[in-house]
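The structure appears right after this line, and notes come after that.
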Amino acid sequence: MPPEGLRRLPPGELVLRARGGDEAAWAALTERYSPMLWAIARAYGLSRVDAADVVQLTWLRLVEHIGALRRPARVGTWLAVTARREAARCLRERRGRFDDQPLEVLPDPAVFDAVLAGRERLRAVMEAIGALPDLCRQMLRLLALSPTYAEISAALDIPIGSIGPARARCLASLRKRLEEAG
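So in UniProt numbering, the last spot in the sequence shown is 182, and the numbers never skip.
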């Protein structure tokens, strides 16, 4: 299990560290992306054994190509595309072994791309929120729950009149962090 500090690093930083041989960075990458790879492989209708092969081959491909990644921050997308290709290859091989069995309809790659992009954006937002000062994190959480300014004022023990400006500063800081990460 990787140290907590590594878990919070952006994907691109983890890739750069893994390129340099940092085993903890590799552990953080596998912890972060293995569930997604399993979901992709299983979405192709693969057995547990075949899905495990796809996940393992996907990680092997990253080991083989990590030095060639042009956009390390997009490692999640690279892994998803590679997993889809490995899953499709596995299905083709299975078709060759079992010609008399119908092949399942493959999931639409655009759906995977959209889900992956959404997950990457959500992860980036959550990481950026986690890096904000405590007051900003608390305020943004409360605002997401839609309480009134009076409730926010009471919860954070700040004047109602300072909520709007503080909210604007927190959102500006969040935007800046997301632009830097993206």
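Positions of the beta carbon are idealized from the N, C-alpha and C atoms, including for glycine. Since the model is a prediction, treat every value here as computed from it, not as a measurement.
**Message:** If you reduce the DSSP assignment to three classes, tell me which class glycine 130 lands in.
**Reply:** One-based indexing of the sequence shown puts residue 130 at position 130. Correct three-state label for glycine 130: helix.
**Prompt:** Taking leucine 132 as the reference, which of Asp157, Arg169 and Pro35 has the closest Cα?
**Reply:** The residue labelled residue 132 in the question sits at position 132 within the sequence shown. Minimum Cα distance to leucine 132 is reached at Arg169.
**Asked** With 16 as the cutoff for other CB atoms within 10 Å, does alanine 18 come out buried or exposed?
**Response** For this step, residue 18 is matched to residue 18 along the sequence shown. Classification of alanine 18: buried, given that the 10 Å Cβ count is 16 or more.
**Prompt:** So, is aspartate 50 buried or exposed, given that buried needs 16 or more other C-beta atoms within 10 angstroms?
**Reply:** The residue given as residue 50 occupies position 50 in the sequence shown. By the beta-carbon neighbour count (other beta carbons within 10 angstroms, threshold 16), aspartate 50 is buried.
**Prompt:** Anyone know if the C-beta pair for alanine 87 and alanine 41 falls short of 8 Å?
**Reply:** Mapped onto the sequence shown, residue 87 falls at position 87. Mapped onto the sequence shown, residue 41 falls at position 41. For the pair alanine 87 and alanine 41, the CB atoms are nearer than the 8 Å cut-off.
**Asked** Roughly how many whole angstroms lie between the Cα atoms of leucine 57 and leucine 143?
**Response** As a working note, residue 57 is residue 57 in the sequence shown. As a working note, residue 143 is residue 143 in the sequence shown. The alpha-carbon atoms of leucine 57 and leucine 143 are separated by roughly 43 Å.
**Message:** Give me, in chain order, the residues of the same chain whose beta-carbon lies closer than 7 Å to that of tyrosine 33; leave out the 5 immediate sequence neighbours on both sides.
**Reply:** Numbered from 1 along the sequence shown, position 33 holds the residue referred to as residue 33. Excluding positions up to five away in sequence, the list reads Gly76 and Leu79.
**Request:** Determine the contact status of proline 35 and glutamate 127, defining contact as a CB-CB distance below 8 Å.
**Result:** For the purposes of this step, residue 35 is taken as residue 35 along the sequence shown, with counting starting at 1. For the purposes of this step, residue 127 is taken as residue 127 along the sequence shown, with counting starting at 1. The Cβ atoms of proline 35 and glutamate 127 lie no closer than 8 Å to each other.
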